[in-house]
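Worksheet: one structure, shown below.
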Amino acid sequence: MQDRLLVTALIAGLFCYGPALSFSEPADQVSDRMATVLGEALFSKLWVASPSSTTASDGLGPLYNARACSACHPRAGAGAALPDAGGEAPDSLLVRFGNGVDPLVSAFNGVQLQHRATAGLPAEGRIELSWSGQTVELDDGSVVQLRKPAHRVHLRRPEMTLAYAQLKFRQAPTLAGSGAFARVPLSALEALADPDDQNGDGISGRLSLLPDGQIGRYGWRALEPTLSAQNSRAFNLDMGMSTAALPDPHGDCGADNRACRALPSGDDPVNKETEVTVQMHAWLDRYVAQLPPPSGRAEAASASGRALFRTTGCQACHRLDLPLDTGGTLAAGTDLLLHDLGPALADADGREWRTAPLWGASARPALLHDGRARTIIEAILWHGGEAQAAQQAFRGLSASQRSQLLSYLESL
Ligand code: HEC
Ligand code: HEC
């Protein structure tokens with residue numbers, strides 16, 4: 019009971035009263051359970067602009083896409099479905115600017131479009147969703163309608179324009195279970211990688227080697243080496259907040275956006291704290307790292323479905339047996355490697371994507387890096403490149419084999 023009161027006080031402090039109350043407890047005296055509760059509170063917390071009377075909650079913006087992690091990852095899950103009718107994009111779909119973009123665009127807008135801004139500052143622009151239809155016929159004659167994105171980005175500065183080919187759309191993936199990706203030993207990933215396809219199976223797969231020598235494991239392109247780095251990137255790019263790792267309190271304001279750069283920040287120079295303090299970051303990281311994996315429908319698993327998963331070639335990338343350094347194996351349905359999935363899924367930065375984990379996939383409102391697929395079947399039909407043979411094998415299945423495979427996927 020006492021424990022619960024104290025937790026309530028800490029959370030209330032986080033939301034309302036500022037650092038005096040919220041951080042009066044020395045960090046090492048916060049119990050593990052309480053640290054998780056605090057992390058969860060930070061995940062759902064609505065940040066506000068600075069200056070404000072609630073200094074423990076301020077620092078949002080000036081430019082941002084959403085005020086809370088949970089706005090894009092509801093219940094720590096994946097982002098919202100993208101409406102067939104087109105129109106306004108949900109907050110959970112982001113757009114970044116790719117290679118070849120006009121330097122004026124990046125100098126003003128940074129690397130990502132923020133469609134919201136704190137009071138007084140205009141936002142950078144907005145995404146307008148639109149689709150073109152595409153029909154695919156499976157070998158047994160049934161027909162599947164795909165929708166191909168043709169979204170537009172309207173920048174506030176009309177003299178700056180963007181072509182679809184210069185854009186990179188990213189939807190929010192589920193976070194459930196992703197803490198385990200850090201616990202797969204590097205040696206296991208190295209053993210799976212086959213960048214030159216020396217075994218001749220048509221599947222290469224390479225480690226995401228980052229410029230600083232680290233190996234990327236997080237994000238659709240595996241560009242972040244750790245959960246903490248990914249969380250920090252989210253704070254800075256998606257919410258405009260400074261962290262120890264990414265200390266710019268103006269987030270993604272471009273150098274030429276003087277009005278944005280001139281706004282006050284929520285950094286605390288006296289205590290040398292960034293807007294997101296080291297302690298808050300640690301609690302949030304801990305919460306995300308401990309999220310349990312999604313649970314599939316165990317009753318949907320069948321030996322025939324499992325065999326089809328292997329024989330159609332899905333398992334070559336969507337591995338169910340990655341070793342963990344804590345013992346046991348990880349059945350997430352990913353090898354954490356980058357694969358060339360062909361031209362239909364390519365964007366401004368190329369054709370390679372991290373194998374998307376399949377656990378819980380059948381419950382996700384939107385699939386693939388840009389959320390274009392509404393169903394598992396649609397997601398599979400977009401596969402090309404290294405996965406072309408698997409996609410063709412899937413198209414060749416009979417209706418009953420297809421439903422065995424799909425219900426097996428529901429079990430993951
Ligand atoms: C505006 C929407 C938005 C907000 C807010 C947001 N995210 Fe995300 N998140 C995304 C998108 C989009 C991606 C995919 C990014 C990529 O691949 O480059 C992502 C990816 C991630 C991943 C990688 C998961 C994986 O499997 O690789 C983690 C972890 C994550 N976010 C955590 C957070 C945390 C923690 C917060 C709050 C600090 C947060 N996100 C806020 C949209 C958002
Ligand atoms: C060559 C490696 C490879 C093979 C083979 C492969 N996939 Fe994938 N799969 C990927 C990659 C990479 C992605 C992410 C692509 C993207 O987001 O654009 C993906 C994405 C998916 C998704 C979407 C998941 C999500 O959360 O968005 C599903 C579903 C899927 N694959 C199912 C399958 C099935 C079923 C098979 C077998 C018929 C298969 N894949 C074969 C690499 C592969």
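Here the sequence shown stands for residues 19 to 430, numbered as in the working numbering. Where is the CB? At the ideal position from N, CA and C, for every residue including glycine. All values reported here derive from a predicted model rather than from experimental measurement.
Inset, instruction - Could you have a look at L81 and say whether DSSP puts it in helix, strand or coil? - result: strand
Inset, instruction - Report whether the distance from the Cβ of L359 to the nearest heavy atom of ligand 4 is below 6 Å. - result: Summarising the ligand content, the structure contains ligand 1 and ligand 2 and does not contain ligand 4.
Legend entry - Segments assigned alpha helix (DSSP H), at least 4 residues, entirely inside the segment 222-271: 245-251
Inset, instruction - State yes or no: is the C-beta of F187 nearer than 6 Å to some heavy atom of ligand 1? - result: no
Legend entry - Inter-residue spacing [alpha-carbon to alpha-carbon] between P361 and R369: 6 Å
Legend entry - Assigned secondary structure, H17 (DSSP; H/G/I helix, E/B strand, else coil): The requested residue 17 is not part of the displayed model; the chain covers only 19 to 430.
Inset, instruction - Say yes only if the C-beta of T352 is nearer than 6 Å to one or more non-hydrogen atoms of ligand 2, and no if none qualify. - result: no
Legend entry - Counted within 10 angstroms of its Cβ, other Cβ atoms place S40 as buried (16 or more) or exposed: The pLDDT assigned to S40 is 47, lower than 50, so where the model puts this residue is not dependable, and the model offers no usable value.
Legend entry - Bridge-paired residues (DSSP) for T153: Q163
Inset, instruction - Would you give the residue range spanned by the beta strand (DSSP E) that V171 belongs to? - result: 170-173
Legend entry - According to DSSP, residues forming a beta bridge with V113: F187
Legend entry - G378 Cβ short of 6 Å to ligand 1 heavy atom set: no
Inset, instruction - Starting from L122, follow the alpha helix (DSSP H) in both directions and report where the run begins and ends. - result: 121-127
Legend entry - Of the listed residues H387, A321, G346, L193, nearest to L424 (C-alpha basis): A321
Legend entry - Euclidean distance between Cα positions of D274 and A125: 6 Å
Inset, instruction - Check whether the Cβ of C90 lies closer than 6 Å to any heavy atom of ligand 1, and answer yes or no. - result: yes
Legend entry - R144 - containing beta strand (DSSP E), residue span: 143-147
Legend entry - Delimiting residues of the alpha helix (DSSP H) encompassing W400: 394-400
Legend entry - Beta-carbon proximity of E396 to H357, cut-off 7 Å: no
Inset, instruction - With DSSP as the reference, label A431 as helix, strand or coil. - result: Since the first residue shown for the chain is 19 and the last is 430, residue 431 is missing from the structure and cannot be characterised.
Legend entry - Segment contact, 8 Å Cβ cut-off, at least three pairs: the segment 363-381 with the segment 139-157: no
Legend entry - For L348, the three-state DSSP class (helix, strand or coil): strand
Legend entry - Secondary structure of A135, DSSP reduced to three states: strand
Legend entry - Endpoints, beta strand (DSSP E) assigned at L281: Per DSSP, L281 belongs to no beta strand (DSSP E) and is neither H nor E.
Inset, instruction - Assuming L60 contacts L193 (C-beta within less than 8 Å), just tell me the rounded distance between them. - result: In fact, because the Cβ distance is near 14 Å, the residues do not count as touching under 8 Å.
Legend entry - Three-state class that DSSP yields for P92 in the structure shown: helix
Inset, instruction - Could you say which of C87, G220, L56 lies nearest to L64 if we only look at CA atoms? - result: C87
Legend entry - Burial state of S42 (16 or more Cβ within 10 Å): Note on S42: pLDDT 49, under 50, position unreliable in the model; the coordinate value appears next. With fewer than 16 Cβ atoms within 10 Å of its Cβ, S42 is classed as exposed.
Inset, instruction - Determine, using beta carbons only, whether Q47 comes closer than 7 Å to chain E. - result: Given the protein chain composition of this structure (a single chain), no chain E is represented.
Legend entry - E428 to R170 span [Cα, whole Å]: 34 Å
Legend entry - Anticipated Cβ contact below 8 Å, E142 with N127, distance rounded: 5 Å
Legend entry - Coarse secondary structure for G314, derived from DSSP in three states: coil
Legend entry - Best match in F412, A99, Y82, S150 for proximity to Q130 [C-alpha to C-alpha]: Y82
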